[in-house]
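Colleague: Residue numbers (our numbering): 28 to 591.
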Amino acid sequence: MIEKRGIGVFPGVVTGHAAVFRHTILDNVEHALTENPEIELSIFENAVKSVLAEIHKIKPHSKEESDMLGIYEAMLSDPDYLALIQDNIKDRRYTASWAVEAATEKYVSALIALGDSYFAERITDIRDAEVRLLSAIAGISSDVIVDKPSVIVADYLTPSELMQMDRSNVLGLMLDTGGLTSHVAILAHSEEIPAILGLGDISSIVEDDAVVAMDGKEGLVIIDPDEKTIRSFRARKGIATRTEKELREGATLPAETLDGHRIHLMCNIEGLEGLDGALSSGAEGIGLFRTEFLALQNFGDEENKARIYEEVARRMGDSGPVTFRTYDLGGDKMADGMTAEENPILGWRAVRFCMERKDIFRKQLISILRASAVSPSVRLMFPMISGSEELLEVLAFLDEVKAECRADGIPFDENMKIGTMIETPSAAITTDILADYVDFMSIGTNDLIQYTIAVDRGNERIAHLYRPLHPAVLRLMKYVVDEAKKKGVTVSICGEMAGNAEYAPLLVGLGFDELSMTAHSVLEVRKRIRTLNAESCVDFADNVLSLRDATSIERALKDYNGKA
Ligand code: PEP
Ligand code: MG
Numbered sequence: 028m029i030e031k032r033g034i035g036v037f038p039g040v041v042t043g044h045a046a047v048f049r050h051t052i053l054d055n056v057e058h059a060l061t062e063n064p065e066i067e068l069s070i071f072e073n074a075v076k077s078v079l080a081e082i083h084k085i086k087p088h089s090k091e092e093s094d095m096l097g098i099y100e101a102m103l104s105d106p107d108y109l110a111l112i113q114d115n116i117k118d119r120r121y122t123a124s125w126a127v128e129a130a131t132e133k134y135v136s137a138l139i140a141l142g143d144s145y146f147a148e149r150i151t152d153i154r155d156a157e158v159r160l161l162s163a164i165a166g167i168s169s170d171v172i173v174d175k176p177s178v179i180v181a182d183y184l185t186p187s188e189l190m191q192m193d194r195s196n197v198l199g200l201m202l203d204t205g206g207l208t209s210h211v212a213i214l215a216h217s218e219e220i221p222a223i224l225g226l227g228d229i230s231s232i233v234e235d236d237a238v239v240a241m242d243g244k245e246g247l248v249i250i251d252p253d254e255k256t257i258r259s260f261r262a263r264k265g266i267a268t269r270t271e272k273e274l275r276e277g278a279t280l281p282a283e284t285l286d287g288h289r290i291h292l293m294c295n296i297e298g299l300e301g302l303d304g305a306l307s308s309g310a311e312g313i314g315l316f317r318t319e320f321l322a323l324q325n326f327g328d329e330e331n332k333a334r335i336y337e338e339v340a341r342r343m344g345d346s347g348p349v350t351f352r353t354y355d356l357g358g359d360k361m362a363d364g365m366t367a368e369e370n371p372i373l374g375w376r377a378v379r380f381c382m383e384r385k386d387i388f389r390k391q392l393i394s395i396l397r398a399s400a401v402s403p404s405v406r407l408m409f410p411m412i413s414g415s416e417e418l419l420e421v422l423a424f425l426d427e428v429k430a431e432c433r434a435d436g437i438p439f440d441e442n443m444k445i446g447t448m449i450e451t452p453s454a455a456i457t458t459d460i461l462a463d464y465v466d467f468m469s470i471g472t473n474d475l476i477q478y479t480i481a482v483d484r485g486n487e488r489i490a491h492l493y494r495p496l497h498p499a500v501l502r503l504m505k506y507v508v509d510e511a512k513k514k515g516v517t518v519s520i521c522g523e524m525a526g527n528a529e530y531a532p533l534l535v536g537l538g539f540d541e542l543s544m545t546a547h548s549v550l551e552v553r554k555r556i557r558t559l560n561a562e563s564c565v566d567f568a569d570n571v572l573s574l575r576d577a578t579s580i581e582r583a584l585k586d587y588n589g590k591a
């Protein structure tokens, strides 16, 4: 029996069998020459056969999935691609895996050079096929197929890998890497999958099918638990289930402090799947629709995405705003056509990507504009804005697209509200300027914290330095809320800070009266708000702003939560 502790991302007590996935071998293709090209050729040919057999076993659930499988098949049957690999092995004496890697690079570059947008948009699928091939050469299955209820144990998972799993079989998630605000954590939270990240080496010490127990709230993992531990986890589960029931019973109550101050709680979603949870949590709108998650699943089919936007707008009805954030791709959300960068978090991300790929951006803006015709609650929000010039360029492009829609007779709401996220210190410090151009703002604390303190939000090694209560972060937040309000611009928070009930007294005290979070957090934060006194929160926040460091603020908040 081994005990490990990591970063608890979503609560839930689970005991089950592990399904272990590791990418490590695939990331380290050895650039070695072979003495036996014939053997490498046969390894390669068998790998192709086994991947094709794997693909034929998969039953696609949607048109997009069947398109994706079609791409795999076309690639693995393409005589030019196969010949490139065979020549690498025969003539250059590359090992099979190096030959595949080198040939795929060439293949991808050639497709990009062709300028064919259909193929350019499918580079992720091509890469996936490459991974399958490399896995087969290494003798491991690359399928992230979870065909029985399991606790997923992995070195890391990309958001799209998690999305491809049959989530009804995912009991829980344990990863070597990742922090509280990494995108795979956000996805686990909104899918309500008990999850623990930043566990270091869990994927190398847990054997496939081993029994594991986890408590997502505590960040506690037990590998090969004994009978006594299993019994104690059963008791934990009982308590967790009762707490959950209580929370759900509060879903219809207003999020109002004891002295009658109303806070608007909205939901963050990543797709249509999140909508039922949002509605049942009693959220008063969608404060953040992370549209890029749809793009990660399927970049090609815009019509499908437009239908999803319209469906969300229709189903939310007049429950509150529905805020579509334009694609925030890049960073840890790489899509087709994006190449690895030295420093992706500071790189080609969000509006920077969209303003260069206006073909993609235009299509998305049209889809959101179309949704605005369905309901006046639809709002549009831009991510990662770093200053007024960038904002004005993006707004000018939106105006261009609106003009095209008018010319083409595409109906949309001329009064659709436009907002910007405040995720960079430069945007926060220029709130007074940005506020002149938008109707609303939303602080993305996940990024604002990482950029203010210069701490990668997804890096578990420095997770202890990621301090939401750093005075610099709180001062920026206070500045944003005050300046936005002065200009009559509504301001909310949609980063993970909003969804942590422990921060509620501070956020209410700083003057935020709109918060957006996952459906589960709506339940928790509402419960906490109903125990608070807004006036006392304001005094508390004033006091906190005079403190000199994160430790003192964390202590003050702990004391406050202990008392009030
Ligand atoms: C944020 O940065 O706080 C935010 C809400 O955006 P994302 O987490 O998707 O980067
Ligand atoms: Mg962000």
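Think of the CB as a built atom: it goes at the ideal place given N, C-alpha and C, for glycine as much as any other residue.
Being a predicted model, the structure only gives us computed values, none of them experimental.
Is the CB-CB distance between aspartate 445 and leucine 407 below 8 Å?
Modeller: Looking at the sequence shown, residue 445 is not aspartate but isoleucine. Yes, the pair counts as a contact, with Cβ atoms nearer than the cut-off.
Colleague: With burial defined as no fewer than 16 other Cβ atoms inside 10 Å of the residue's Cβ, what is the status of histidine 547: buried or exposed?
Modeller: The residue is buried, with at least 16 neighbouring Cβ atoms inside 10 Å.
Colleague: Just to confirm before moving on: does the CB-CB distance between leucine 202 and valine 41 stay below 8 Å?
Modeller: No; because the gap between Cβ atoms is not below 8 Å, this pair is not in contact.
Colleague: Strictly closer than 5 Å from CB to any heavy atom of the ligand MG: give me those residues in the order they appear in the chain.
Modeller: Any residue whose Cβ sits closer than 5 Å to a heavy atom of the ligand MG makes the list: Glu450, Gly471, Asp474.
Colleague: What's the C-alpha gap between leucine 542 and aspartate 236?
Modeller: Computed Cα separation, rounded: 41 Å.
Colleague: At what residue ranges does the region 210-273 contain a whole run of the alpha helix (DSSP H), taking only runs of 4 or more?
Modeller: Complete alpha helix (DSSP H) runs here, min 4: 210-217, 229-232.
Colleague: My parser needs the alpha helix (DSSP H) runs of 4 or more residues fully inside the region 346-417; what are they?
Modeller: 377-383, 385-401, all fully within the region 346-417.
Colleague: Which one of Glu368, Thr284, Leu247, Val233 has the shortest CA to CA distance from cysteine 564?
Modeller: Selected option, being the one with the closest Cα: Thr284.
Colleague: Looking at alanine 577 and arginine 494, is the spacing between their C-beta atoms short of 8 Å?
Modeller: Contact flag set, yes.
Colleague: Mapping the DSSP letters down to three states, classify leucine 285 as helix, strand or coil.
Modeller: Leucine 285 falls in the coil class under three-state DSSP.
Colleague: So the alpha helix (DSSP H) glutamate 330 belongs to, where does it begin and stop?
Modeller: Glutamate 330 -> alpha helix (DSSP H) spans 329-343.
Colleague: What three-state label does DSSP hand asparagine 442 in the structure shown?
Modeller: Asparagine 442: coil per DSSP, three-state reduction.
Colleague: Do the CB positions of alanine 583 and leucine 574 come within less than 8 Å of each other?
Modeller: Taking 8 Å as the Cβ cut-off, alanine 583 and leucine 574 qualify as a contacting pair.
Colleague: Please indicate yes or no: does the CB of isoleucine 164 lie closer than 7 Å to some heavy atom of the ligand PEP?
Modeller: Isoleucine 164: no, Cβ never under 7 Å from the ligand PEP.
Colleague: Given a cut-off of 8 Å on the beta-carbon distance, is the pair isoleucine 70 and alanine 137 in contact?
Modeller: Contact flag unset, no.
Colleague: Leaving out the 5 sequence neighbours to the left and right, which residues in its chain are closer than 6 Å to arginine 49 when beta-carbon positions are compared?
Modeller: Excluding sequence neighbours, arginine 49 sits near Asp182, Ser230.
Colleague: From Gly205, Asp174, Leu184, pick the residue whose C-alpha is nearest to that of serine 195; which is it?
Modeller: Ranking the options by Cα distance to serine 195, first place goes to Asp174.
Colleague: With a CB to CB cut of under 8 Å and the five nearest residues on each side skipped, what residues in its chain are close to alanine 340?
Modeller: Correct list, in chain order: Val349, Ala398, Ser399, Val401, Ser402, Ser404, Val405.
Colleague: Could you have a look at asparagine 570 and say whether DSSP puts it in helix, strand or coil?
Modeller: It is helical.
Colleague: Could you tell me whether the region 204-221 touches the region 308-315, using the rule of 3 or more Cβ pairs below 8 Å?
Modeller: Contact fails: fewer than three Cβ-Cβ distances are below 8 Å.
Colleague: Quick check on histidine 216: buried or exposed, where buried means 16 or more other Cβ atoms within 10 Å of its Cβ?
Modeller: With 16 or more Cβ atoms within 10 Å of its Cβ, histidine 216 is classed as buried.
Colleague: Which whole-angstrom value describes the C-beta separation of valine 598 and valine 158, a residue pair presumed to lie in contact below a C-beta threshold of 8 Å?
Modeller: Residue 598 cannot be examined here, being either before or after the span of the chain that is shown, 28 to 591.
Colleague: According to the neighbour-count rule (16 or more other Cβ atoms, all chains shown, within 10 Å of its Cβ), is arginine 32 buried or exposed?
Modeller: The residue is exposed, with fewer than 16 neighbouring Cβ atoms inside 10 Å.
Colleague: Taking the beta carbon of leucine 533 as the centre, do at least 16 other beta carbons fall within 10 Å, making it buried, or is it exposed?
Modeller: Buried is the call here.
Colleague: Run through DSSP, which three-state label would serine 308 get?
Modeller: If DSSP states are grouped into helix, strand and coil, serine 308 belongs with coil.
Colleague: What is the C-beta distance between valine 36 and isoleucine 223, in whole angstroms, given that I count them as a contact (C-beta under 8 Å)?
Modeller: That belief holds up - the Cβ atoms of valine 36 and isoleucine 223 are roughly 7 Å apart, short of 8 Å.
Colleague: On a CA-only basis, which of Thr472, Ser413, Gly515 is nearest alanine 462? Give me that one, please.
Modeller: For alanine 462, the nearest C-alpha among the options comes from Gly515.
Colleague: Just confirm the distance between the C-beta atoms of leucine 79 and leucine 111, as a whole number of angstroms; I'd bet it's less than 8 Å.
Modeller: Not really, about 18 Å apart at Cβ, beyond 8 Å.
Colleague: Would you mind reading off the limits of the alpha helix (DSSP H) that contains glutamate 128?
Modeller: Run containing glutamate 128: 123-141, per the alpha helix (DSSP H) assignment.
Colleague: Does the contact criterion of 3 or more C-beta pairs under 8 Å hold for the region 447-460 versus the region 508-522?
Modeller: Output reads yes: the region 508-522 touches the region 447-460.
Colleague: Taking 7 Å as the limit between beta carbons, can you name the residues of its chain near glycine 485, skipping five residues before and five after?
Modeller: For glycine 485, where only same-chain residues beyond five positions count, the Cβ hits under 7 Å are Gly205, Gly206, Ser209, Asp359.
Colleague: Which residues in the same chain as phenylalanine 439 place their Cβ atom closer than 6 Å to its Cβ, once the five residues preceding and following it in sequence are excluded?
Modeller: Contacts found: Leu396, Ser399, Ala400, Cys432.
Colleague: What are the residues that DSSP puts in a beta bridge with alanine 45?
Modeller: Its beta-bridge partners are Val178.
Colleague: Cβ-heavy atom distance between glycine 522 and the ligand PEP below 7 Å?
Modeller: Checking the Cβ of glycine 522 against the ligand PEP gives yes.
Colleague: Could I get the ranges of all uninterrupted alpha helix (DSSP H) runs contained in the region 178-208, with 4 residues as the minimum, in chain order?
Modeller: Here the runs fully enclosed are 186-191.
Colleague: Looking only at C-alpha atoms, which of Ile220, Asp251, Glu81, Glu219 sits nearest to glutamate 234?
Modeller: That would be Asp251, whose Cα lies nearest to the Cα of glutamate 234.
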